[in-house]
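Numbering (my numbering), first residue to last: 16 to 107. Here's the structure, in structure tokens; my notes come after.
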Amino acid sequence: MRVLLESPQRWKKVWAASRRPPPEEMMALLSDEQRSRVEHVACDFLAKPEEIAQELKGKGVKADYVFFYSYARKHVFLALRKTFVNCRDPHY
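This is the structure in structure tokens:
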């Protein structure tokens, strides 16, 4: 997230999608200007792709690129990968 925020001309807003907002310890590493460009969307990535898409739409997320990182055990990773591939469908 910090790398994206270091290029405000390229990444005007960074959407942080996770169950919980980024931890305060992480946000404290950012400048006030950088923090103002982070928007959190509460999502359960083990939910159905339609539910995730609805959460993102509800927040008005419009994204050209999606960068994903997470700690996950192998079986969870496989489920997440399937979900994200399904979310790429333009009908979502």
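Ideal Cβ placement from N, Cα and C applies to all residues, glycine included.
Checklist entry - How close, in whole Å, do the beta carbons of residue 37 and residue 53 come, if the pair is a contact with beta carbons under 8 Å? => result The residue labelled residue 37 in the question sits at position 22 within the sequence shown. The residue labelled residue 53 in the question sits at position 38 within the sequence shown. Indeed they touch by this definition, with Cβ atoms about 7 Å apart.
Checklist entry - For the 8 Å Cβ check, are there 3 or more pairs between the region 26-35 and the region 56-72? => result yes
Item to check | Straight-line Cα distance separating residue 23 from residue 81 | outcome: Translated into positions along the sequence shown, residue 81 becomes position 66. Translated into positions along the sequence shown, residue 23 becomes position 8. Residue 81 and residue 23: Cα-Cα distance of roughly 16 Å.
Checklist entry - What runs of the alpha helix (DSSP H), each 4 residues or longer, lie entirely inside the region 41-65? => result 47-51
Item to check | For residue 27, the three-state DSSP class (helix, strand or coil) | outcome: Start at 1 with the first residue of the sequence shown, and residue 27 comes out as number 12. Three-state DSSP puts residue 27 in coil, outside helix and strand.
Checklist entry - With 16 other CB atoms within 10 Å as the buried threshold, where does residue 18 fall? => result Counting from 1 along the sequence shown, the entry for residue 18 is found at position 3. Result: exposed.
Next on the checklist: Applying the 10 Å Cβ sphere with the 16-neighbour rule, what's the burial state of residue 16?
Outcome noted: In the sequence shown, counting from the first residue as 1, residue 16 sits at position 1. Label assigned to residue 16: buried.
Next on the checklist: Using only the alpha-carbon positions, how far apart do residue 71 and residue 79 sit?
Outcome noted: Residue 71 sits at position 56 when you count from the first residue of the sequence shown. Residue 79 sits at position 64 when you count from the first residue of the sequence shown. Near 13 Å, if we compare the C-alpha coordinates of residue 79 and residue 71.
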